[in-house]
Amino acid sequence: MRINCRTWFGREPQSSWRNSLRLSTCVAGLLPVLLAAGAASSILEMSPPISGLTLANLRDSFEEVHNGHRHEAIDIQAPRGTPVHAVVSGTVRKLFLSKPGGNTIYEFDEMEVYCYYYAHLDGYVKGLHEGMRVERGDVIGYVGSTGNADPSAPHLHFTIFDLGPEKLWWKGEAVDPYPGLVAAVKRAK
Ligand SMILES: [Zn+2]
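Here you go:
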């Protein structure tokens with residue numbers, strides 16, 4: 000199976016102290032009552048994008064090279080048409096049809112710190128539109144093989160981008176979603 004899902008090129012990695020500073024500034028400025036660090040990262044609050052996901056369904060392919068590019072995502076195999084759920088609450092920032100990614104969703108979390116990216120979708124849930132608020136667990140689309148995915152192996156290509164200060168949907172630093180997904184699956188049990 001040949002998959003090339005990389006659809007963009009990130010910026011230089013930011014140092015962790017800068018991220019921490021930015022997160023603290025956000026929290027302090029917007030939501031002063033939020034409790035400490037846990038509230039700052041939506042990754043810690045993720046729920047699985049596919050119902051009934053198990054650890055056996057997850058394999059960390061973030062660092063693998065697919066078609067000459069670092070994959071920077073993980074692929075979750077599932078039958079075509081399987082509902083895909085928003086992993087966090089946030090806003091649908093962009094619905095984009097890309098040559099490699101097919102039907103894609105770029106969802107910003109509430110703090111606009113991370114963008115959650117869902118690709119190769121068979122389609123979007125009826126009524127989904129840009130700027131729409133979604134809650135964690137809402138069905139937003141369906142597993143498929145649009146873009147450059149092998150039609151005989153439908154899957155969800157999923158990753159997370161650290162948006163940085165510019166907060167642009169097409170620009171971000173990929174973050175390995177594997178640890179967050181493992182934690183989400185364990186919490187969902
Ligand atoms: Zn992929």
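Under my numbering, the letters of the sequence shown match residues 0 to 188, in that order.
For glycine and all other residues, C-beta sits at the position ideal for the given N, C-alpha and C.
Separation of residue j from residue i, as counted between CA atoms
| i | j | result |
| --- | --- | --- |
| residue 179 | residue 123 | 24 Å |
| residue 41 | residue 98 | 29 Å |
| residue 129 | residue 88 | 14 Å |
| residue 159 | residue 79 | 22 Å |
| residue 90 | residue 83 | 15 Å |
| residue 68 | residue 111 | 27 Å |
| residue 165 | residue 183 | 28 Å |
beta-carbon residue i near ligand 1 non-hydrogen atom, thresh 6 Å
| i | result |
| --- | --- |
| residue 74 | yes |
| residue 128 | no |
| residue 84 | no |
| residue 68 | no |
Nearest candidate by alpha-carbon position, reference residue i, set the options
| i | options | result |
| --- | --- | --- |
| residue 188 | 156, 88, 43, 54 | 54 |
| residue 81 | 43, 141, 152 | 141 |
| residue 73 | 147, 161, 156, 183 | 156 |
| residue 48 | 128, 148, 104, 62 | 104 |
| residue 174 | 65, 61, 149 | 61 |
| residue 127 | 116, 139, 172, 145 | 139 |
| residue 71 | 177, 150, 43, 111 | 177 |
| residue 143 | 46, 115, 119 | 119 |
| residue 170 | 113, 145, 45 | 113 |
| residue 75 | 51, 154, 172, 92 | 154 |
| residue 116 | 148, 85, 52, 131 | 85 |
Cβ-based burial, residue i [other Cβ within 10 Å; buried from 16]
| i | result |
| --- | --- |
| residue 30 | Per-residue confidence for residue 30 stands at a pLDDT of 45, beneath the threshold of 50, marking its modelled position as unreliable; the derived number appears in the next sentence. With fewer than 16 other Cβ atoms within 10 Å, it is exposed. |
| residue 64 | exposed |
| residue 58 | exposed |
| residue 106 | buried |
| residue 162 | buried |
| residue 125 | exposed |
| residue 92 | buried |
| residue 96 | exposed |
CB contact below 7 Å: residue i versus chain D
| i | result |
| --- | --- |
| residue 156 | Annotation note: the requested chain D is absent from the structure, which comprises a single protein chain. |
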